[in-house]
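Numbering of the sequence shown is given in this note's numbering, commencing with residue 9 and proceeding in unit increments.
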Amino acid sequence: MKTKEDQEIVELYWRREESAIRETDIKYGRLCHYIANNILSSDEDCEECVSDTYFAVWNAIPPKRPERFSAYLGRITRNLALNRFDYLTAEKRSVHVMCSLEELEECVSGSESLDSELARRQTELAISDFLLKQEEEKRNIFIRRYWYFDSIGEICRQTGLRESKVKSILFRMRGKLKIYLESEGIEV
(Lines of atoms letter the chains of each structure in order from A and count residues from 1; the text may use other names and numbers.)
(Lines give C-alpha, C1' and ligand atoms only; values in the text may rest on other atoms or scores of the structure.)
Protein backbone atom coordinates (compact mmCIF):
# COMPACT_ATOMS: atom_id res chain seq x y z
CA MET A 1 0.00 0.00 0.00
CA LYS A 2 1.44 3.36 -1.07
CA THR A 3 1.55 6.09 1.56
CA LYS A 4 -0.14 9.36 0.80
CA GLU A 5 1.73 12.60 0.28
CA ASP A 6 1.57 15.14 3.09
CA GLN A 7 -0.73 17.54 1.28
CA GLU A 8 -3.14 14.68 0.55
CA ILE A 9 -3.22 13.83 4.26
CA VAL A 10 -3.80 17.48 5.20
CA GLU A 11 -6.62 17.59 2.65
CA LEU A 12 -8.24 14.59 4.37
CA TYR A 13 -8.21 16.58 7.63
CA TRP A 14 -9.76 19.55 5.86
CA ARG A 15 -12.55 17.30 4.56
CA ARG A 16 -12.92 15.89 8.12
CA GLU A 17 -12.33 12.32 6.93
CA GLU A 18 -11.33 9.97 9.73
CA SER A 19 -8.93 8.20 7.38
CA ALA A 20 -6.63 11.21 7.89
CA ILE A 21 -5.65 9.84 11.29
CA ARG A 22 -4.95 6.37 9.89
CA GLU A 23 -2.85 7.85 7.07
CA THR A 24 -0.97 10.03 9.56
CA ASP A 25 -0.22 7.00 11.70
CA ILE A 26 0.95 4.95 8.71
CA LYS A 27 3.33 7.64 7.50
CA TYR A 28 4.45 9.31 10.74
CA GLY A 29 3.50 7.00 13.60
CA ARG A 30 7.09 5.77 14.07
CA LEU A 31 8.42 9.35 14.15
CA CYS A 32 5.84 10.43 16.73
CA HIS A 33 6.52 7.36 18.87
CA TYR A 34 10.27 7.96 18.65
CA ILE A 35 9.95 11.56 19.82
CA ALA A 36 7.54 10.73 22.63
CA ASN A 37 9.51 7.70 23.80
CA ASN A 38 12.77 9.65 24.07
CA ILE A 39 11.07 12.03 26.47
CA LEU A 40 8.69 9.75 28.35
CA SER A 41 10.46 6.34 28.33
CA SER A 42 7.18 4.55 28.98
CA ASP A 43 5.29 2.66 26.28
CA GLU A 44 1.91 3.48 27.84
CA ASP A 45 2.66 7.20 28.21
CA CYS A 46 4.19 7.28 24.73
CA GLU A 47 1.11 5.67 23.19
CA GLU A 48 -1.17 8.13 24.97
CA CYS A 49 0.97 11.05 23.83
CA VAL A 50 0.82 9.92 20.18
CA SER A 51 -2.96 9.52 20.43
CA ASP A 52 -3.15 13.02 21.92
CA THR A 53 -1.05 14.25 18.99
CA TYR A 54 -3.52 12.87 16.47
CA PHE A 55 -6.40 14.40 18.42
CA ALA A 56 -4.63 17.78 18.55
CA VAL A 57 -3.97 17.67 14.80
CA TRP A 58 -7.61 16.73 14.16
CA ASN A 59 -8.71 19.78 16.15
CA ALA A 60 -6.14 22.14 14.58
CA ILE A 61 -6.73 21.29 10.90
CA PRO A 62 -8.73 23.22 9.80
CA PRO A 63 -8.17 26.16 10.23
CA LYS A 64 -4.41 25.55 10.12
CA ARG A 65 -2.78 24.23 6.98
CA PRO A 66 0.80 23.27 7.90
CA GLU A 67 3.40 23.58 5.16
CA ARG A 68 5.71 20.91 6.60
CA PHE A 69 3.39 18.29 8.02
CA SER A 70 6.15 16.12 9.52
CA ALA A 71 7.64 19.09 11.41
CA TYR A 72 4.16 20.12 12.53
CA LEU A 73 3.47 16.64 13.92
CA GLY A 74 6.90 16.47 15.52
CA ARG A 75 6.41 19.79 17.29
CA ILE A 76 2.98 18.81 18.62
CA THR A 77 4.25 15.41 19.79
CA ARG A 78 7.30 16.95 21.45
CA ASN A 79 5.28 19.63 23.24
CA LEU A 80 2.68 17.14 24.45
CA ALA A 81 5.40 14.75 25.63
CA LEU A 82 7.22 17.52 27.48
CA ASN A 83 3.96 18.61 29.13
CA ARG A 84 3.22 15.02 30.14
CA PHE A 85 6.80 14.63 31.36
CA ASP A 86 6.41 17.72 33.57
CA TYR A 87 3.12 16.39 34.93
CA LEU A 88 4.42 12.89 35.62
CA THR A 89 7.75 13.90 37.09
CA ALA A 90 7.08 17.07 39.02
CA GLU A 91 9.43 15.88 41.77
CA LYS A 92 11.62 13.38 39.95
CA ARG A 93 13.23 14.21 36.61
CA SER A 94 14.44 11.93 33.82
CA VAL A 95 18.21 12.26 33.81
CA HIS A 96 18.74 12.41 30.04
CA VAL A 97 15.96 14.94 29.36
CA MET A 98 16.94 17.18 32.26
CA CYS A 99 20.60 16.98 31.26
CA SER A 100 19.72 18.07 27.70
CA LEU A 101 17.64 20.98 28.97
CA GLU A 102 20.25 22.07 31.50
CA GLU A 103 22.95 22.09 28.82
CA LEU A 104 20.92 24.61 26.83
CA GLU A 105 20.05 26.85 29.79
CA GLU A 106 23.21 28.90 29.37
CA CYS A 107 22.25 29.68 25.75
CA VAL A 108 18.51 30.20 26.06
CA SER A 109 17.39 31.26 29.49
CA GLY A 110 13.87 31.74 30.75
CA SER A 111 14.38 35.47 31.13
CA GLU A 112 11.50 37.91 31.23
CA SER A 113 12.12 39.05 27.64
CA LEU A 114 11.35 35.54 26.40
CA ASP A 115 7.90 35.50 27.98
CA SER A 116 6.24 37.20 25.06
CA GLU A 117 5.22 35.21 22.01
CA LEU A 118 7.11 37.58 19.74
CA ALA A 119 10.38 37.13 21.62
CA ARG A 120 9.88 33.35 21.63
CA ARG A 121 9.32 33.31 17.89
CA GLN A 122 12.34 35.56 17.29
CA THR A 123 14.47 33.16 19.32
CA GLU A 124 13.15 30.15 17.39
CA LEU A 125 13.95 31.80 14.07
CA ALA A 126 17.43 32.78 15.24
CA ILE A 127 18.17 29.22 16.40
CA SER A 128 16.92 27.83 13.08
CA ASP A 129 19.06 30.34 11.19
CA PHE A 130 22.08 29.43 13.33
CA LEU A 131 21.58 25.71 12.73
CA LEU A 132 21.22 26.16 8.97
CA LYS A 133 24.67 27.77 8.93
CA GLN A 134 26.31 24.77 10.64
CA GLU A 135 27.85 21.72 9.00
CA GLU A 136 25.26 19.00 8.47
CA GLU A 137 26.87 16.50 10.86
CA LYS A 138 27.11 19.05 13.68
CA ARG A 139 23.58 20.29 13.03
CA ASN A 140 22.24 16.73 13.14
CA ILE A 141 24.05 15.99 16.40
CA PHE A 142 22.66 19.18 17.95
CA ILE A 143 19.11 18.39 16.81
CA ARG A 144 19.36 14.76 17.97
CA ARG A 145 20.38 15.95 21.43
CA TYR A 146 18.15 18.96 21.98
CA TRP A 147 15.08 18.25 19.85
CA TYR A 148 14.78 14.46 20.04
CA PHE A 149 16.53 14.22 23.45
CA ASP A 150 18.79 11.39 22.30
CA SER A 151 21.40 10.38 24.86
CA ILE A 152 25.07 10.94 24.10
CA GLY A 153 25.43 7.16 23.76
CA GLU A 154 22.64 6.97 21.21
CA ILE A 155 24.17 9.81 19.18
CA CYS A 156 27.50 7.95 19.23
CA ARG A 157 25.80 4.79 17.96
CA GLN A 158 24.07 6.73 15.16
CA THR A 159 27.13 8.71 14.05
CA GLY A 160 29.99 6.33 14.84
CA LEU A 161 31.75 9.13 16.75
CA ARG A 162 33.39 8.75 20.14
CA GLU A 163 31.62 10.15 23.20
CA SER A 164 34.31 12.80 23.76
CA LYS A 165 33.89 14.03 20.17
CA VAL A 166 30.09 14.31 20.47
CA LYS A 167 30.38 16.14 23.79
CA SER A 168 32.97 18.48 22.31
CA ILE A 169 30.78 19.27 19.28
CA LEU A 170 27.79 20.00 21.53
CA PHE A 171 29.86 22.15 23.90
CA ARG A 172 31.28 24.24 21.06
CA MET A 173 27.91 24.60 19.35
CA ARG A 174 26.27 25.79 22.57
CA GLY A 175 28.98 28.42 22.90
CA LYS A 176 28.57 29.52 19.27
CA LEU A 177 24.79 29.58 19.67
CA LYS A 178 25.04 31.83 22.71
CA ILE A 179 27.30 34.26 20.84
CA TYR A 180 25.02 34.15 17.80
CA LEU A 181 21.88 34.84 19.83
CA GLU A 182 23.56 37.76 21.58
CA SER A 183 24.67 39.17 18.21
CA GLU A 184 21.03 38.99 17.09
CA GLY A 185 20.00 41.07 20.08
CA ILE A 186 18.41 38.18 21.94
CA GLU A 187 18.90 38.28 25.69
CA VAL A 188 20.41 35.05 27.01
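We treat Cβ as the ideally placed atom computed from N, Cα and C, and that holds for glycine.
* **alpha helix (DSSP H) segment containing Arg147, residue limits** => As a first step, residue 147 is located in the sequence shown; it is residue number 139 there, counting from the start. Counting along the chain, the alpha helix (DSSP H) containing Arg147 begins and ends at 144-154.
* Asked: Leaving out five residues before and five after Phe138 in sequence, what residues of the same chain have Cβ atoms less than 6 Å from its Cβ?
  -> Walking along the sequence shown from the start, residue 138 turns up at place 130. The residues are Leu185, Tyr188.
* In angstroms with no decimal places, state the Cα-to-Cα distance between Leu140 and Phe77. => Walking along the sequence shown from the start, residue 140 turns up at place 132. Walking along the sequence shown from the start, residue 77 turns up at place 69. Leu140 and Phe77 have their C-alpha atoms roughly 20 Å apart.
* Asked: Which value, in whole angstroms, describes the spacing of the CA atoms of Gly168 and Trp155?
  -> Your numbering for residue 168 matches position 160 in the sequence shown. Your numbering for residue 155 matches position 147 in the sequence shown. Inter-residue distance for Gly168 and Trp155 is about 20 Å (C-alpha atoms, whole angstroms).
* To do: Using a threshold of 8 Å, state whether the C-beta atoms of Cys54 and Leu48 are closer than that.
  => Mapped onto the sequence shown, residue 54 falls at position 46. Mapped onto the sequence shown, residue 48 falls at position 40. Yes, these two residues count as a Cβ contact at 8 Å.
* To do: Along the alpha helix (DSSP H) that carries Gly82, what are the first and last residues, could you check?
  => Against the sequence shown, residue 82 aligns to sequence position 74. Element bounds for Gly82: 77-96.
* Neighbourhood of Glu43 by C-beta, 7 Å cutoff - its chain only, sequence neighbours within 5 removed -> Numbered from its first residue, the sequence shown carries residue 43 at position 35. What sits at residue 43 in the sequence shown is Ile, not Glu. Gly82, Thr85, Arg86, Ala89, Tyr156, listed in sequence order.
* Asked: Quick one: is Glu31 buried, meaning 16 or more other Cβ sit within 10 Å of its Cβ, or exposed?
  -> Locating residue 31 in the sequence shown gives position 23, counting from the first residue. Looking at its Cβ environment, which holds 16 or more other Cβ atoms inside 10 Å, Glu31 is buried.
* Asked: If you draw a straight line from the alpha carbon of Arg182 to that of Asp94, how long is it in whole angstroms?
  -> Translated into positions along the sequence shown, residue 182 becomes position 174. Translated into positions along the sequence shown, residue 94 becomes position 86. Straight-line Cα distance between these residues: approximately 24 Å.
* Could you tell me which of Asp60, Val65, Glu56, Gly37 sits nearest to Glu25, measuring between CA atoms? => Residue mapping note: residue 25 aligns to position 17 of the sequence shown, counting from 1. Per the Cα distances, Val65.
* Asked: Roughly how many whole angstroms lie between the Cα atoms of Lys146 and Ile177?
  -> As a first step, residue 146 must be located in the sequence shown, where it is residue number 138. As a first step, residue 177 must be located in the sequence shown, where it is residue number 169. Going from the Cα of Lys146 to the Cα of Ile177 covers about 7 Å.
* To do: For Phe63, count neighbouring Cβ atoms within 10 angstroms of its own Cβ and tell me buried if that reaches 16, exposed if not.
  => The count along the sequence shown starts at 1 and reaches residue 63 at position 55. It is exposed - the Cβ of Phe63 has fewer than 16 other Cβ atoms within 10 Å.
* Asked: Quick one: what's got a C-beta closer than 8 Å to Ala134's C-beta in the same chain, skipping five residues either side?
  -> Within the sequence shown, the letter at position 126 stands for residue 134. Non-local beta-carbon contacts of Ala134 in its own chain, meaning distances under 8 Å to residues more than five positions away in sequence, involve Tyr188, Leu189, Glu192, Ile194 in chain order.
* **Three-state secondary structure assigned by DSSP to Gly37** => On the sequence shown, position 29 is the one that residue 37 refers to. Helix, per DSSP.
* **With 16 other Cβ atoms within 10 Å as the buried cut-off, status of Ile163** => Indexing the sequence shown from 1 puts residue 163 at position 155. It counts as buried.
* Asked: Going by the CB atoms, is the gap between Arg152 and Gln142 shorter than 8 Å?
  -> The residue you call residue 142 lines up with position 134 of the sequence shown. The residue you call residue 152 lines up with position 144 of the sequence shown. Against a cut-off of 8 Å, the Cβ pair of Arg152 and Gln142 comes out as no contact.
* Asked: Do Tyr36 and Ala28 have their C-beta atoms closer together than 8 Å?
  -> Your numbering for residue 36 matches position 28 in the sequence shown. Your numbering for residue 28 matches position 20 in the sequence shown. When the beta-carbon positions are compared, Tyr36 and Ala28 stay at least 8 Å from each other.
* Asked: Nearest CA to the CA of Pro74: which residue from Lys12, Ile17, Cys57?
  -> Walking along the sequence shown from the start, residue 74 turns up at place 66. Of the candidates Lys12, Ile17, Cys57, the one whose C-alpha sits nearest the C-alpha of Pro74 is Ile17.
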